[in-house]
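Report on the following structure.
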Amino acid sequence: MADLTSVAAPPSPAKVDGNAIVEDPKAYNTEKATVKSEQPGTTVEREPGGIILFWLCCVSALEGLDTQLVPACQFALQRDLGLSLGHFAILTTVQMVLTNLAAPFWGILADRGTMKKKHILFVGALGEGLAVAIFAFVPNFFVMVLLRGMSGFFLASLRPVCNGQGPQCRASRRLIADLTSDNRRGKIFGRVQSALLFGMFCSLLIAGNVANPYVGEIPGWRFLFAGAGLVAFCVAAGVAGFLVEPPHELDAAADKKGCAAVLSELKTVFNFLCIPTFCVMIMQGVFGTIPWSVMGNNLLYFKLCGLEDWEASILASEGTVMGMFGNIIGGMVADALARRFGYHGRPLSAQITVAIGIPLVFLQFYGIPAGSGSFGTYFALIAGFGVLGSWAQSGTNFPILSDIVPASDRSKVMAWECAMENSLANAIGPAMVSTLATGVFGYTFGEEEKSGKSLHSATALGSARAMAATICIPWLITLAAYTLLHWSYPRDMRRLRAKQQAATEAQGEEMGEEIMCGLMPRRSGSCFSPSWSSTYFPRLINFAMARSSSVLAGGLLGAASLGGLAFVAPGQSRPQPVQQQVAHAQGFLASTGTSTSSTGAVQGMAGALAVAGLSVAAVRGASAASRQQGIKPRAAKSVVACRSLAKLKIDGVDLKDKRVFIRVDFNVPQDKKDPNIITNTARIDAALPTIKYALDNGAKSVVLCSHLGRPNGQKDEKFSMKPVAKVVEEKLGRPVKLMNDVVGEEVEAACADPEPGTVILLENSRYYVEEEGKGKDADGNKVKASADKVKEFRASLAKLADIYCSDAFGTAHRAHSSMVGEGYPVKCSGFLLAKELDYFAKVVDAPTRPVCGILGGAKVADKIQLIMNLLDKVDIMIIGGGMAFTFIKEAGVDIGNSLYDEEGAKLVPEIRKKAEEKGVELILPVDFVCSSKFGDDGEIQEGDMSTGVPEGFLGLDIGPKSIEMNDEAIKKSKTIVWNGPMGVFEMEAFEKGTKQMMETIVSVTKDGAVSVIGGGDTATACKKYDTVDKVSHCSTGGGASLELLEGKLLPGVAALDDA
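Numbering (the working numbering), first residue to last: 2 to 1060.
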């Protein structure tokens, strides 16, 4: 959406001084396409401003620069210091393990507010620069190990505030997650991740040309390390001088000290491990990171293949350059897929990129024999991999990790996740390559290697050997792991939102343990209860065997297809039967492992691309299956999650020979001139299924009770039920006995022992003050019913039948005598009321996400409770109608003579704040259709956020850009609840916003979305556009539906027996 926006504006920029937060509007800003965020209250697509983003990118680039220094200088260090691959494995492992183990320490400091993120960045950059600079002057390997460990420790401090490939960048990810709206996080993560790759690129490109030559008698690599240290000092100075600390939410446990703090953090880690998505991310991270640590040997491999220094350095650094573009593209692709497929979008993006990347890397090391590949061939393969195979970090990993925990735990969850994944990956990857290359495949570094070319060592290191094994196989496992996210991620997000809502309602309960532990079944408040394993693992098995099995099967098919490549590719060691099978696959790959002919290379490329096609096809199949699972509406019976809405239905009651009292809503419209004529029988028609069911299932009698109009406790003939009785009799096809009263001896006698199948209609229940509890006397004075009279009235009603059934949703929000069924042993719901409850349960209790709430109306204050309650339940909220202009004026835009709710304006900041806290995308109009008067005959003009509403005009509808934006939001939603039109749809000139929204909702309903129209004016619009039967449900109760959405307990529902 280029022109309008979404999520509520972030907190005002501030400088933090001790415990005080001082406003500083220029410190940082959130940006959007057309509306400047400096306008107070403007609804924007949030993303970090230029200052924060620039320094996050600088810190991220510094990390990339450091991590590639040793790999880029491998050739020179082997030549000058006699280091072996084993030594390099130790240097890399020590640095990365310390980086990842120290990351939680820095992440905790950031989350607890012990140190400002700005200060953490400064210390990290300064310490890292010192370690790197000293490395340039040390010839001793043991000291080098200590320095790389020191470098790793301080790199870990950078990641809590910046964004990179491992755990250090956790706080920047925290900043990005806090300052960026959901549908832009992929893009921003992609930019900062691209800065890391830019640092890697600079390191590899410069090192490839500077490290090997000598300057006098000093090797170039020493200058390289000294220069890198100087760059780190400059970054530290820039951070100290220019970066402004934005306000942030502190960890709830920040006040704990000593052992209590340690126990609190351990508890947090255990809670993280209770989140299935967190465990899946660790799994993919371990196997997904091994290849990246292994590819640090690229420069050495290309050098040993005989390429020139400049060619090897370009190829080694090219992947990082292309990866910069790949990360940005991947972030945007994942954002787009997330908008289209909800929680399945980001896992799908990761599946696609891994499935494309594996064949490309496999072909580089296995399909092209060492020494036979040209610079151009390698360049093309690496470019393709960089652009298409590096989407996962920015588009999937970072956004998902920032989603699955509360905002206060984001730094820690990222730190711990990468501490676990990268420690294992970096301990395994370099050591494995070293062991395989030297111990198994015969890699050496002697005089031949020092000359710059050794095909034997190159083959042992990379081609079809060590690097191929430690890159492709782990990524096959990663592909399968990403498939599991289709199951875990949506469920964890729903559980997190449910726990956040429960914690908010509890007002004061600690959220950390509650939210994390709540993701798994537990007893006695413990995360690891005895029931955990007995409940969680069966769920996992059920997932694999039942609904989502197609997703898992698709992912595993792709993995299996690629896995077969490792066994059928060139090599003398594979069994002959496999060779024969491959021969039938149209020359799938060459049959000999050492051939350098062009035919083998072409066949190898064809085979790899064929397998890539199979993988992508499998992923598409898995994606399609997961989307079908995501949008399939649930049966009404299974969707009622809240016990307050799960009520006993009439089809669950034995009606044989029982008298059934049915409270119906026969408050039908009558002709103004002749009240005996009913102009619309829709409410009578809606009650017929329940009435007929009771009669068809052996009910002795059916006693119907309803109100009609507002007689205010007086027996007024014009509100008599006589015309209703005639219509009901016609539609039922059997006699209907109309009583002359509602209660009393005559009525009780008539209902005591009627003939089987008798239908009795009571007179207007509001003829009695005791029905509503208030009314007017004969002189028009207000009166109240006495408690004794109400009790007597209800007791008489209870004598009329054996079973009470309520089918009047329209008055369920009223605690009227006939609505509560007092005195009845059995109280159930009719089909109409049950349908209402089932569909509202789909919205408020167990919705299929994303959920979109649409609100219109005149005053914000009138719907504040509705807005605040829906913010706990929806992912997107669209606000239109008259109330939107109150928000727009508070954003500093002129609204002319449009509706403005002065009391409601005071609530706007609170609404925005809660929307941001809940991560709800808040959408307001950006353009409007205005008129000089309230009517069709006024002068019509258009306005937008830059011009406002023209002076003297009123905004009466939303404009085309707003309509387009609303359509986009609705199309990506799986559940929609709508209460309030977008404009004055009763007038043709101002109906387009409401009419187009109705058409879009009808369209997405056909595609499987659940749409609930919340009564009132919106239901009237449904009738006008003949869409009552084209949406999932159009409520029959305006006030009742509104109060239900507000989270209120409806007396007429609460009185019924639970299911």
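Ideal Cβ placement from N, Cα and C applies to all residues, glycine included.
The beta strand (DSSP E) spanning residue i covers which residue range?
{"i": "valine 930", "result": "928-932"}
{"i": "methionine 878", "result": "877-880"}
{"i": "leucine 955", "result": "955-959"}
{"i": "leucine 84", "result": "Note, leucine 84: premise wrong, no beta strand (DSSP E); not H, not E."}
{"i": "glycine 346", "result": "Unbroken run through glycine 346 is the alpha helix (DSSP H), 346-363; no beta strand (DSSP E)."}
{"i": "arginine 664", "result": "660-664"}
{"i": "glutamine 942", "result": "941-945"}
{"i": "threonine 759", "result": "759-762"}
Starting from the Cα of residue i, find the closest Cα among the options and give me that residue.
{"i": "methionine 325", "options": "Leu197, Met421, Cys306", "result": "Leu197"}
{"i": "valine 950", "options": "Glu918, Gly981, Ala885", "result": "Ala885"}
{"i": "phenylalanine 342", "options": "Met878, Arg850, Gly883", "result": "Arg850"}
{"i": "arginine 347", "options": "Leu361, Ile889, Gly331", "result": "Gly331"}
{"i": "serine 391", "options": "Gly239, Gln365, Ser195, Ala381", "result": "Ser195"}
{"i": "isoleucine 219", "options": "Val95, Leu82, Gly857", "result": "Leu82"}
{"i": "isoleucine 189", "options": "Ala796, Ala751, Asn668, Met333", "result": "Met333"}
{"i": "alanine 740", "options": "Gly734, Glu756, Ser721, Asp754", "result": "Per the sequence shown, residue 740 should be read as methionine rather than alanine. Minimum Cα distance to methionine 740 is reached at Ser721."}
{"i": "leucine 1057", "options": "Pro475, Thr1021, Glu965, Ile804", "result": "Ile804"}
Between which residues of its own chain and residue i is the CB-CB distance below 6 Å, once the five residues before and five after are set aside?
{"i": "asparagine 1081", "result": "As shown, the chain starts at 2 and ends at 1060. That puts residue 1081 outside it, with no answer to give."}
{"i": "serine 963", "result": "Pro926, Val927, Asp928"}
{"i": "glycine 774", "result": "Ala786"}
{"i": "alanine 103", "result": "Phe154, Ala157"}
{"i": "valine 665", "result": "Ala688, Leu705, Ser707, Asp808, Ala809"}
Kindly indicate which three-state DSSP category residue i falls into: helix, strand or coil?
{"i": "glycine 1061", "result": "Lying before the first or after the last residue shown, residue 1061 is absent from the chain, which here runs from 2 to 1060."}
{"i": "tyrosine 768", "result": "helix"}
{"i": "serine 158", "result": "helix"}
{"i": "lysine 119", "result": "helix"}
{"i": "histidine 487", "result": "helix"}
{"i": "lysine 828", "result": "strand"}
{"i": "proline 1052", "result": "helix"}
{"i": "glycine 286", "result": "helix"}
{"i": "lysine 775", "result": "strand"}
{"i": "arginine 473", "result": "Reading off the sequence shown, one finds cysteine at residue 473, where the question assumed arginine. It is helical."}
{"i": "aspartate 1058", "result": "coil"}
{"i": "leucine 923", "result": "strand"}
{"i": "glycine 128", "result": "helix"}
{"i": "proline 72", "result": "helix"}
{"i": "glutamine 194", "result": "helix"}
Is residue i near residue j, with beta carbons less than 8 Å apart?
{"i": "isoleucine 761", "j": "valine 725", "result": "no"}
{"i": "alanine 816", "j": "leucine 646", "result": "no"}
{"i": "threonine 887", "j": "valine 861", "result": "yes"}
{"i": "leucine 206", "j": "isoleucine 315", "result": "yes"}
{"i": "glutamine 394", "j": "leucine 480", "result": "no"}
{"i": "serine 350", "j": "threonine 278", "result": "no"}
{"i": "aspartate 863", "j": "glycine 831", "result": "no"}
{"i": "leucine 159", "j": "glycine 125", "result": "yes"}
{"i": "glutamate 418", "j": "methionine 282", "result": "yes"}
{"i": "lysine 836", "j": "histidine 1034", "result": "yes"}
{"i": "valine 1", "j": "phenylalanine 662", "result": "The structure shown does not extend to residue 1, since the chain is modelled only from 2 to 1060, so the question has no answer here."}
{"i": "glycine 51", "j": "leucine 99", "result": "no"}
{"i": "isoleucine 877", "j": "valine 921", "result": "yes"}
{"i": "valine 978", "j": "glycine 854", "result": "yes"}
{"i": "alanine 859", "j": "leucine 900", "result": "yes"}
{"i": "glycine 714", "j": "arginine 795", "result": "no"}
What are the boundary residues of the alpha helix (DSSP H) that includes residue i?
{"i": "cysteine 59", "result": "51-68"}
{"i": "tyrosine 840", "result": "832-845"}
{"i": "tyrosine 694", "result": "683-697"}
{"i": "serine 1042", "result": "1039-1046"}
Among the residues of its own chain, which have a CB less than 7 Å from the CB of residue i, if the five just before and after it don't count?
{"i": "leucine 148", "result": "Ala132, Ile135, Phe136, Val139"}
{"i": "serine 797", "result": "Val744, Gly745, Glu749"}
{"i": "glutamate 1044", "result": "His814, Leu1051"}
Report all residues from its chain with a CB closer than 8 Å to the CB of residue i; omit the five preceding and five following residues, and keep chain order.
{"i": "cysteine 1023", "result": "Met999, Ile1014, Val1029, Val1032, Cys1035"}
{"i": "phenylalanine 991", "result": "Val930, Ser932, Leu957, Asp958, Gly984, Val985"}
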